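Chemist: The sequence shown runs 13 to 231 under our numbering.
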Amino acid sequence: MPKVLINLEGWQDFRGANSGALIFVESSHQTQLPVRDQLNENGKGHFFEPNYETSTWGLASCSNSKGINAVVKAKNRYLVFGTRYEGHNNPSFRNKFVIMGYQQIEKVKDLRSRHVQHYMSMGNAEEADCINLDKAMATWGPMRFVSLEDSFVLTDEQIKAWGLKGRATRQLKLVLEGEALKTVLSHLDSKPDRTEDYITTVEELKAALTETEDAPAET
Numbered sequence: 013m014p015k016v017l018i019n020l021e022g023w024q025d026f027r028g029a030n031s032g033a034l035i036f037v038e039s040s041h042q043t044q045l046p047v048r049d050q051l052n053e054n055g056k057g058h059f060f061e062p063n064y065e066t067s068t069w070g071l072a073s074c075s076n077s078k079g080i081n082a083v084v085k086a087k088n089r090y091l092v093f094g095t096r097y098e099g100h101n102n103p104s105f106r107n108k109f110v111i112m113g114y115q116q117i118e119k120v121k122d123l124r125s126r127h128v129q130h131y132m133s134m135g136n137a138e139e140a141d142c143i144n145l146d147k148a149m150a151t152w153g154p155m156r157f158v159s160l161e162d163s164f165v166l167t168d169e170q171i172k173a174w175g176l177k178g179r180a181t182r183q184l185k186l187v188l189e190g191e192a193l194k195t196v197l198s199h200l201d202s203k204p205d206r207t208e209d210y211i212t213t214v215e216e217l218k219a220a221l222t223e224t225e226d227a228p229a230e231t
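#1: Less than 7 angstroms between C-beta atoms, sequence neighbours within five positions excluded: which residues of the same chain meet that for leucine 20?
#2: Determine, using beta carbons only, whether tyrosine 114 and leucine 17 come nearer to each other than 8 angstroms.
#3: What are the boundary residues of the alpha helix (DSSP H) that isoleucine 18 is part of?
#4: Give every residue of the same chain whose Cβ lies closer than 6 angstroms to the Cβ of leucine 145, excluding the five residues on either side of it in the sequence, and list them in chain order.
#5: Return the CA-CA distance between phenylalanine 109 and lysine 172, expressed in angstroms with no decimal places.
#6: Counting only runs that start and end within the segment 75-101, where is the alpha helix (DSSP H) found for 4 or more residues in a row?
#7: Can you give me the start and stop residues for the alpha helix (DSSP H) that arginine 126 sits inside?
#8: Pairing CB atoms from the segment 28-38 with CB atoms from the segment 76-94, are three or more of them under 8 angstroms?
#9: Answer yes if the segment 95-102 comes into contact with the segment 118-136, meaning at least three C-beta pairs across the two stretches below 8 angstroms, and no otherwise.
#10: Could you tell me the alpha carbon to alpha carbon distance between cysteine 74 and histidine 127, rounded to whole angstroms?
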């Protein structure tokens with residue numbers, strides 16, 4: 013399934029440094045690919061980002077606005093997406109922290125008004141995560157995602173070898189530069205691009221979610 017072309021009017025060109033911010037993504041337990049968790053399988057919410065369909069982060073919602081604002085302010089050129097695999101399709105990867113994709117940021121836009129207005133139209137503006145922020149930046153740019161088996165496995169030992177601090181956990185905040193960034197991007201670029209398969213998979217999950225929401229309540 014192809015990507016959706018969005019209107020980029022009002023988006024600003026972004027020129028960042030050669031660095032990549034690691035972003036943790038809650039991923040599905042059911043799918044072959046480590047796609048975002050749209051069905052709330054992890055009990056952390058229904059996620060629609062990273063939005064493979066539109067090559068954006070921060071367009072579908074403002075739930076990650078603080079993190080995106082920080083990345084844009086720091087002028088990191090790349091968003092590097094990782095997850096701790098907890099699925100059932102490949103036991104050899106279970107509980108491993110894998111980096112499965114990245115975005116090269118080319119454009120950014122403050123979408124706080126858009127998000128707040130959306131929540132206001134539903135009568136619950138207070139639920140907008142960006143309601144108390146001055147801005148809610150979104151990013152647009154080419155994305156590349158690979159299969160679970162082709163992902164880059166990030167270990168505590170690798171982090172230490174790069175001279176960085178931290179452990180491979182959900183809370184890890186890591187900025188990759190120099191050889192570390194080159195190693196990760198080169199690895200992902202050397203593998204088949206499965207982004208369209210990610211899109212197809214999340215569209216199937218959307219359909220399943222809609223069917224669940226539309227199903228009549230049991231009496």
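Glycine residues also receive a C-beta, built at the ideal position from the N, C-alpha and C atoms. Being a predicted model, the structure only gives us computed values, none of them experimental.
Modeler: Per the coordinate set shown:
#1: Lys119, Trp152
#2: no
#3: From DSSP, isoleucine 18 is part of no alpha helix (DSSP H); its letter is neither H nor E.
#4: Ser77
#5: 15 angstroms
#6: 77-86
#7: 124-133
#8: yes
#9: no
#10: 7 angstroms
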